[in-house]
Amino acid sequence: MEQSEYKSINFRDEAELKAQIFKILNFYYPACIDHDKGGYINGFLNDGSINDTSTKHLVATNRYIYIFSVGAMLGGPEWCLESARHGIRFLKEHHQDHINNGYFFELNGAEVENDSKMAYGHAFTLLASAIAYEAGIEEAKEVLDDVYEVLETHFWDPDHALYKDEWDAEWTSLSAYRGQNPNMHLCEAMLTAYEATGEEKYLDRAHTLAKSVTQKLAGRSGGMVWENYTPDWQPDYEFNKGNTKAEFRPYGFVPGHQLEWSKLLMWLDRHRSEEWMLETSEDLFRKGWELGHDSEYGGILFALSPQKEVINNDKNYWVVAEAISAASLLAAKTDNGFYWDTYDQLCQYAAEHLMDHKNGGWYELLNRENKPYSDVKTSPPKTDYHPVAAYYQTILAFS
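Numbers given in my numbering equal positions in the sequence shown, counted from 1, plus 4.
Below is the structure:
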């Protein structure tokens with residue numbers, strides 16, 4: 005496909021959005037199904053060849069369950085449901101700690117490599133089990149109920165109305181670190197669990213998290229969401245200083261996370277609309293876009309300093325996916341031409357620079373000039389969950 009041909013892709017068309025999801029699923033399936041060690045294979049090069057058969061990451065396991073469940077819900081082939089079910093089995097058999105409960109963060113094959121109990125990993129366990137249950141996998145409900153209880157018992161901090169971050173395997177030692185990132189994904193997971201079950205407790209918790217982060221925490225750092233916090237939830241401007249590439253705890257204001265919260269507020273608004281949600285969603289979208297958009301090369305820059313100066317100008321695949329999702333939800337809510345135009349522009353950028361039209365899937369990380377850093381398509385825990393989720397949310401918003 006020549007660049008000019010990308011303009012012929014109509015990203016406002018539901019059939020096209022579904023087609024994009026299945027192009028991603030077809031890149032991973034069937035090669036990602038690990039018939040030897042169980043679970044999924046996490047490492048792929050651009051051409052689809054495998055470069056890591058042993059890493060089993062809790063987040064990646066859950067993201068695979070998620071994307072295959074979405075495929076099943078969109079009427080995909082039988083293998084979509086079977087592939088999601090395969091992941092639920094591995095989650096219960098190998099990631100779950102059968103002595104202390106909770107879910108191990110990383111395995112090497114079936115052996116535990118990192119036995120930490122991370123809020124981020126449990127967020128994705130809630131997300132995956134909820135969407136798998138919604139897709140018709142009954143046994144996922146057991147995981148959903150269990151992980152919600154683990155979160156309530158060990159991670160929930162009622163004094164701050166937010167989730168704590170990291171325990172050791174026996175739940176005896178709690179890290180002093182606090183982060184917005186797991187709370188953001190827990191908000192997403194709670195919304196998904198509400199849609200899957202209709203149980204109000206999940207919607208209540210999503211509402212509480214959205215308010216805690218986008219009102220209270222953002223208020224402490226000048227109206228944008230900072231990443232890292234002290235135990236009493238004050239912005240920690242020293243933690244991981246300079247390390248903007250940390251997978252789960254990057255340093256800085258991340259424009260992509262302002263946009264992701266913008267999306268979550270519009271998703272929450274779908275079920276319980278309050279005036280502050282649209283107001284805050286638009287404010288975070290505007291800040292994420294104005295401070296992050298690269299007017300010269302397109303796309304969105306990765307990280308900003310506390311003074312909101314660019315400190316990492318990489319283009320990360322997930323940032324563009326979340327921006328697409330936020331723009332689509334705001335366009336559907338407001339019918340404002342700015343959001344429609346931005347949505348079209350972002351989809352065009354993704355088509356030109358991030359989508360691998362030959363092999364399938366999205367490139368993971370580009371430099372400022374939109375060139376990939378390596379020939380690795382996917383390393384744990386990528387799995388292209390972000391673009392699948394973005395297109396799925398866009399389908400729901402547009403319908």
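We treat Cβ as the ideally placed atom computed from N, Cα and C, and that holds for glycine.
As the structure is a prediction and not an experimental result, all values here were calculated from the model.
Asked                                                                                                                                                          : Found
Going by beta carbon distance, what residues of the same chain come within less than 7 Å of Ala-165, once the five residues before and after it are set aside? : Thr-212, Ser-216
Rounding to the nearest angstrom, what Cα-Cα distance links Ala-114 and Thr-65 in this structure?                                                              : 13 Å
Taking the alpha-carbon positions, what's the Gly-42 to Ala-173 distance?                                                                                      : 22 Å
Whose C-beta lies closer than 6 Å to the C-beta of Asn-247 among residues of the same chain, with five residues either side of it excluded?                    : Tyr-255
Which residues mark the beginning and the end of the beta strand (DSSP E) in which Asp-56 is found?                                                            : 54-56
Measuring CA to CA, which of Gln-238, Glu-138, Ser-179 is closest to His-407?                                                                                  : Residue 407 falls outside the range modelled here, since the chain spans only 5 to 403, and no answer is possible.
Can you list, in chain order, the stretches of the alpha helix (DSSP H) that have 4 or more residues and sit fully within the region 204-238?                  : 204-215
Flag this pair as touching only if the region 293-309 and the region 322-339 have three or more C-beta atom pairs under 8 Å; answer yes or no.                 : yes
CB Glu-110 to CB His-61, shorter than 8 Å?                                                                                                                     : yes
Answer yes or no: do Leu-308 and Pro-259 have a C-beta to C-beta separation smaller than 8 Å?                                                                  : yes
Going by the CB atoms, is the gap between Ile-71 and Val-392 shorter than 8 Å?                                                                                 : yes
So what does Lys-170 bridge to, in DSSP terms?                                                                                                                 : Note that residue 170 is Glu in the sequence shown, not Lys. In the DSSP output, where bridge partners are listed per residue, Glu-170 has Met-122.
Rounded to whole angstroms, what is the Cα-Cα separation between Asn-152 and Leu-282?                                                                          : Inspection of the sequence shows that residue 152 is occupied by Tyr rather than by Asn. Cα to Cα, Tyr-152 sits roughly 28 Å from Leu-282.
Output yes or no for whether 8 Å exceeds the beta carbon distance between Gly-75 and Ile-135.                                                                  : no
To which residues of the same chain is Trp-160 closer than 7 Å at the C-beta, ignoring the five residues directly before and after it?                         : Tyr-167
Buried or exposed: Ala-439, going by 16 or more other Cβ atoms within 10 Å of its Cβ?                                                                          : There is no way to answer for residue 439, as the model of the chain reaches only from 5 to 403.
Given Met-5, which residues of its chain have a CB within under 7 Å of its CB, disregarding the five upstream and five downstream residues?                    : Summary for Met-5: the model assigns pLDDT 46, below 50, so the residue's position carries little reliability; its value from the coordinates is reported in the next sentence. Correct list, in chain order: His-361.
Would you check if the distance between the CB atom of Asn-411 and the CB atom of Val-154 is smaller than 8 Å?                                                 : Since the displayed the chain opens at 5 and closes at 403, residue 411 lies outside it and no answer follows.
Would you mind listing the beta strand (DSSP E) stretches within the region 41-106 that are 3+ residues and don't spill past its ends, in chain order?         : 47-49, 54-56, 59-61
From the DSSP output, in three-state form, read off Thr-387 for me.                                                                                            : coil
I believe Glu-370 touches Lys-319 by the beta-carbon criterion, under 8 Å. Please report the beta-carbon distance rounded to the nearest angstrom.             : It should be noted that the sequence gives Leu, not Glu, for residue 370. Going by Cβ atoms, the distance from Leu-370 to Lys-319 rounds to 4 Å, so yes, they are a contact pair.
In the structure shown, what three-state DSSP assignment does Ala-307 receive?                                                                                 : strand
I'd like to confirm the pairing. Which residues does DSSP put opposite Arg-253 in its beta bridges?                                                            : Bridge partners of Arg-253: none, in fact.
Looking only at C-alpha atoms, which of Gly-47, Ala-401, Val-229, Ala-144 sits nearest to Asn-112?                                                             : Gly-47
Starting from Asn-112, follow the beta strand (DSSP E) in both directions and report where the run begins and ends.                                            : 110-112
Taking just the CA atoms, how far does Leu-269 sit from Trp-280?                                                                                               : 9 Å
For a test of the three-state rule: what should DSSP assign to Gly-302, helix, strand or coil?                                                                 : coil
Out of Val-63, Asp-388, Gly-79, Ser-73, point me to the one whose CA is closest to Ala-88's CA.                                                                : Ser-73
By DSSP, does Asn-374 sit in helix, in strand, or in coil?                                                                                                     : coil
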